[in-house]
Amino acid sequence: MSIQKPGLPKGTRDFGPSEMAKRNYILDTIRDTFKLFGFQQLETPAMENLSTLTGKYGDEGDQLLYKILNSGDFLKEVLPQDVTEGTGIVLPKVAEKGLRYDLTVPFARYVVMNRNDLVFPFKRFQVQPVWRADRPQKGRYREFYQCDADVVGTDSLICEAEILIMIKRVFGALGLKDYTVKINNRKILTGIAEVIGESGKEQDLCTAIDKLDKIGWDKVKEELSQRGFDNESISKLSPIVNQTHGAISETLEFYRIFLATSEIGLKGLEELAEVFSLLDALGESQEFIIVDPMLARGLSYYTGAIFEVKVNNVSIGSVSGGGRYDNLTGVFGLPDVSGVGFSFGVDRIYDVLEELGLFESVTHSSSKVMVAYFGEEEKLYGLKIVQELRNQKIPAEIYPEAAKIKKQFTYADKKNIPFVIIIGSEEMKTGKLTLKNMASGSQNAMELEHILDLL
RNA sequence: GUGAUUGUAGCUCAGCUGGUUAGAGCGCUGGUUUGUGGCACCAGAGGUCGCCGGUUCGAACCCGGUCAUUCACCCCA
């Protein structure tokens, strides 16, 4: 058999020791924040029944689902004519499981299955990988982690306010100083569509308007009419286009007038205003937060608040997002469960911190001290020392072979181990070990007890 | 799914209009230093130039195909 070059599937990555140190730094920050706000951890399987997953993410989403081929003779159900009928017929016969696409749908499934045992409102967080058969590019992977926090069983706007606070805490703790949390309300979108006379087309409206910064108003107008908008409706939008992102109170005031004829739109505005007054009551500023009534976000199940976070002046897309849904569990037979949640994209946050050089403080030293020695006799002596260090909760290792001392030092240096204990015949005779500080290069002979104190 | 981009040493890349034994930096191994890492100096190992075919006296370079990569669009974290 010929030797083959190993490789990874497109869009997947290994995380070596230094990447893991940085990832854990991010993940710990997020997990600690979730716990601080009273969320409890949940994990669900990597694979779900395909029936749980399909139909929840739209047609495109279904395309992006990874399907798992049935075990054994997966073709046994397939008839010759099925193949000519197309994948739609064959797929259910060869695959009954798929990899999770996000954490929200598995969570909804869990809530429905455990509805009698859960304490509502239920606050859960979940940090796990998800998989999408997307075409990878910058900041987009086929396997990536989401860190979700959701509250289900209440429509209190305190949840929305607390989400904003958690975002600010996490980003602050990670050293990010230039980012924008966009917030909107789905009802406002509905209201805008209503006011311009294009009810129900808010999705199209937003995907077009979203490109305003990139392609300009004229091109957006073209796209809107391609998507079937009346010229009259489009012209009614121009006040919004000219509306600049000013103070939040000004934006709200502008839309109170614009949406005056839309009951649902005004309701959305009212909710948004309530979130900000709660924020104020919680003693939080509005820094980093802007109201963007054109923020849409893809998933069609949002019904209330919508969030999205972008770090400014970096080449990565949104790093966090979420919103409120009134009927997440409805498809699984449990109606009227309101919830609100959001997700941090760890992989993108990682890319952002890397791009901004904010990982400097994260080191990945493993052991605090390494035992080096000259010969077999010293090795036995060193084994006792390394165990004693570990008993004192000091992360320690011993070089596994009686190699040249130079080689042992190089190893310690490369692994960023800050201290080395050297054991030779002299040390064994006197009982005083040589402790070397690798950063300064200085070394001293001292008793083990003294070393334990020092480390 | 659409449109581009790039494939040369472990990594990042150079290689003039096709012309002998394909180079550099970093990394790696060894030595200067048989009880001392980083720094310096010296030496060395390491390449079917992505793969297949074509043009040519001659191809890393030109042409065709193929695979892989990265980026953008769509959509998304």
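Under the working numbering, the first residue of the first sequence carries the number -1, and numbering increases by one thereafter.
The beta carbon of each residue, even a glycine, is placed where N, CA and C say it ideally should be.
Since the model is a prediction, treat every value here as computed from it, not as a measurement.
Residue from the options whose Cα sits closest to the Cα of residue i
i	options	result
residue 238	282, 224, 124, 191	191
residue 152	386, 396, 402, 337	337
residue 445	430, 18, 434, 439	430
residue 133	197, 44, 87, 10	10
residue 356	316, 363, 312	312
residue 376	419, 352, 343	419
residue 402	170, 415, 412, 370	370
residue 253	448, 267, 411, 301	267
residue 25	360, 185, 448, 450	360
residue 454	94, 38, 407	An answer regarding residue 454 cannot be provided, because it is not within the stretch -1 to 453 covered by the chain.
residue 187	215, 18, 303	303
residue 362	19, 39, 424	19
residue 280	427, 158, 28, 301	158
residue 167	221, 275, 282	282
residue 438	393, 411, 426, 277	411
residue 247	366, 112, 216, 290	290
residue 173	12, 435, 386, 358	358
residue 261	382, 131, 189	189
residue 36	147, 269, 169, 165	147
residue 183	170, 204, 196	204
residue 225	196, 7, 234, 263	196
C-alpha gap between residue i and residue j, whole angstroms
i	j	result
residue 330	residue 107	7 Å
residue 55	residue 30	30 Å
residue 373	residue 421	9 Å
residue 199	residue 231	11 Å
residue 139	residue 315	12 Å
residue 414	residue 353	23 Å
residue 245	residue 288	8 Å
residue -1	residue 72	Caution applies to residue -1, whose pLDDT of 40 falls short of 50 and renders its modelled position unreliable; the value that the coordinates give is listed next. Spanning the two alpha carbons is a distance of roughly 28 Å.
residue 326	residue 145	18 Å
residue 70	residue 92	10 Å
residue 416	residue 23	20 Å
residue 123	residue 272	25 Å
residue 227	residue 193	13 Å
residue 236	residue 229	11 Å
residue 406	residue 339	51 Å
residue 323	residue 130	22 Å
residue 426	residue 378	11 Å
residue 381	residue 393	14 Å
residue 110	residue 341	21 Å
residue 332	residue 48	19 Å
For residue i, the three-state DSSP class (helix, strand or coil)
i	result
residue 94	strand
residue -1	Annotation note: pLDDT 40 at residue -1 (below 50); position unreliable, no value reported.
residue 370	strand
residue 227	coil
residue 137	coil
residue 280	coil
residue 7	coil
residue 436	coil
residue 29	helix
residue 405	helix
residue 177	strand
residue 343	strand
residue 431	strand
residue 47	strand
residue 184	helix
Buried versus exposed, by CB contacts within 10 Å (16 or more), residue i
i	result
residue 258	exposed
residue 293	buried
residue 67	exposed
residue 207	buried
residue 185	buried
residue 255	exposed
residue 349	buried
residue 442	exposed
residue 249	buried
residue 345	buried
residue 434	buried
residue 318	buried
residue 46	buried
residue 78	exposed
residue 233	exposed
Residue i CB to nearest heavy atom of the ligand ADP below 6 Å
i	result
residue 319	Summarising the ligand content, the structure contains no ligands, and the ligand ADP is consequently not present.
Next item on the list: Taking 8 Å as the threshold, find out whether the segment 53 to 67 comes into contact with the segment 81 to 99 through three or more Cβ pairs.
Entry: yes
Item checked: Any 3 or more C-beta pairs closer than 8 Å across the segment 306 to 314 and the segment 173 to 180 -> yes
Item checked: Given 8 Å, three or more beta-carbon pairs between the segment 148 to 162 and the segment 106 to 121 -> yes
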